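Numbering of the sequence shown is given in my numbering, commencing with residue 43 and proceeding in unit increments.
Taking it in order: structure first as structure tokens, then the write-up.
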Amino acid sequence: MVSEKLKAILAVLLGNFFFATSIVAVKHISPSLITPIALTSIRVGGTAILFWLFFGLKAGTNQFQKADFYIILICALTGIAMNQNFSIKGMSLTSPIHASLLVLTTPIVITLLAIFFLKERLNSLKILGLLLGIFGGILLVFSRDVSVVNKSGQALGDMFVVFGAISYATYVVMMKSIAHKYSNTAILKWVFLIGSLISIPIGWHDLRLVQWASFDALSWFCLFYIVVGATFFAYQLVNFGIYKLGASVAGSFIYSQPFFATIAAIILLNETITLTKFLSAGLIMTGVFLANYKTK
């Protein structure tokens, strides 16, 4: 019989697999068939519908303290509207391996925000980790990738991914203050609903211009995968892991994303691995480890 711990580990791994491989799906349909801003509207709006369809009437998921609802609003803005728009725009311009490695800067940004806003203590290991992680990210952003067709847009795409990581890190730090008060589904359904109310009006013009007849079976599958697999199911799987394993343990599985994204990019997009990518990956991963290492 499978233990609850093993179920949680498998859930978090699968969730990170969805997140990582969705980069390939995004690149298949955006910007060639649908603009990033329109794709974000569909992703956020579709996920909001699914959360309310399955959890809308669940008891105890519609009541929040007034002060906490303001935090929900901020989380919807940073974690959904800003994060999804920045991330998808970045994914459409840069390579999957670049995007997945830059996502690893999220824990670095979380550590920085926690130091400034949550007054977490700063030690020599954290300082070294932050410097290594930031340098690894800078090295990756300013490196050239021969597998990217639009070379001029790659650096811009990398920067959008970093902005997405910063906005998501802000979401995580804000969420820490209310996560213990309410269920994950209660928070997520409201965050996605509010996020969709922000994202859909922004992307409405582009949504109206989408040529749906141009979508073939693979393109429809990619869209389905992004909304259902890489958002609705992925958030559920990762949240289950956080509940069972704790945030720090579950969060460490973010290291698996570059592995999954790299395999998918090599098989499906014929992407190449360079020395710069290896070096950047080593710096970022070492930086994240040191910045989050807890001494006894």
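Think of the CB as a built atom: it goes at the ideal place given N, C-alpha and C, for glycine as much as any other residue.
Computed from a prediction, not measured in an experiment: that's the story for all the values here.
(request) Kindly indicate which three-state DSSP category His70 falls into: helix, strand or coil? (result) Translated into the one-based positions of the sequence shown, residue 70 becomes position 28. His70: helix per DSSP, three-state reduction.
(request) Flag this pair as touching only if the segment 57-72 and the segment 302-314 have three or more C-beta atom pairs under 8 angstroms; answer yes or no. (result) yes
(request) Give every residue of the same chain whose Cβ lies closer than 8 angstroms to the Cβ of Ser322, excluding the five residues on either side of it in the sequence, and list them in chain order. (result) Against the sequence shown, residue 322 aligns to sequence position 280. Cβ within range, chain order: Leu143, Gly178, Gly179, Leu181, Leu182, Ser185.
(message) Once DSSP output is grouped into helix, strand and coil, what is the label at Gly324?
(response) Taking the sequence shown and counting its residues from 1, one reaches residue 324 at position 282. Reduced to three states, the DSSP call for Gly324 is helix.
(message) Out of Phe320, Cys264, Tyr297, which one is the CA nearest neighbour of Leu75?
(response) Position 33 of the sequence shown holds residue 75. Checked all of Phe320, Cys264, Tyr297; the closest Cα to Leu75 is Cys264.
(message) Does Gln107 come out as helix, strand or coil in the three-state DSSP assignment?
(response) For the purposes of this step, residue 107 is taken as residue 65 along the sequence shown, with counting starting at 1. Three-state DSSP puts Gln107 in coil, outside helix and strand.
(message) Measuring only the C-alpha atoms, how far is Val151 from Tyr285?
(response) One-based indexing of the sequence shown puts residue 151 at position 109. One-based indexing of the sequence shown puts residue 285 at position 243. One C-alpha to the other measures close to 23 angstroms.
(request) Give the straight-line distance between the Cα atoms of Lys100 and Ala228, rounded to the nearest whole angstrom. (result) The residue given as residue 100 occupies position 58 in the sequence shown. The residue given as residue 228 occupies position 186 in the sequence shown. Looking at the two C-alpha atoms, the distance is approximately 8 angstroms.
(request) Whole angstroms is fine: what's the gap from Asp258's alpha carbon to Ala80's? (result) Working through the sequence shown from its first residue, we reach residue 258 at position 216. Working through the sequence shown from its first residue, we reach residue 80 at position 38. Their backbone Cα atoms lie some 18 angstroms apart in a straight line.
(request) Return the chain-ordered ranges of every alpha helix (DSSP H) run that is complete within the segment 44-101 and spans a minimum of 4 residues. (result) 46-71, 78-97
(request) Return the chain-ordered list of same chain residues with a C-beta closer than 7 angstroms to the C-beta of Ile65, the five sequence neighbours on each side being excluded. (result) Residue 65 sits at position 23 when you count from the first residue of the sequence shown. Here the set comprises Met133, Pro138, Ala141, Ser142, Ala303.
(message) I'd like the ranges of any beta strand (DSSP E) spanning at least 3 consecutive residues and lying wholly in the segment 142-169.
(response) none
(message) Give me the residue from Leu55, Phe93, Thr147 with the minimum Cα distance to Ser225.
(response) For the purposes of this step, residue 225 is taken as residue 183 along the sequence shown, with counting starting at 1. Ser225 has its Cα closest to that of Phe93, out of Leu55, Phe93, Thr147.
(request) State the DSSP-derived secondary structure class of Val191, mapped to helix, strand or coil. (result) Numbered from its first residue, the sequence shown carries residue 191 at position 149. In this predicted model, Val191 has a pLDDT of only 49, less than 50, meaning its place in the structure is not dependable enough to derive any value.
(message) Less than 6 angstroms between C-beta atoms, sequence neighbours within five positions excluded: which residues of the same chain meet that for Tyr306?
(response) Start at 1 with the first residue of the sequence shown, and residue 306 comes out as number 264. Before going on, a small fix: residue 306 reads as Ala here, not Tyr. Around Ala306: Thr63, Val66.
(request) Identify whether Leu115 lies in helix, strand or coil by the three-state DSSP scheme. (result) To locate residue 115, count along the sequence shown from 1; it is residue 73. The answer is helix: DSSP assigns Leu115 an H, G or I state.
(message) Please identify the residue among Gln107, Ala118, Asp110 whose C-alpha is closest to the C-alpha of Ala90.
(response) In the sequence shown, the residue the question calls residue 90 occupies position 48. Here the closest residue by C-alpha is Ala118.
(message) Please state the DSSP three-state secondary structure of Ser219.
(response) Residue 219 sits at position 177 when you count from the first residue of the sequence shown. DSSP places Ser219 in coil when its eight states are reduced to three.
(message) Relative to the C-alpha of Ser129, which candidate in Leu170, Gly195, Tyr210 has its C-alpha closest?
(response) Residue numbering aside, residue 129 sits at position 87 when the sequence shown is read from its first letter. Nearest option by C-alpha distance: Tyr210.
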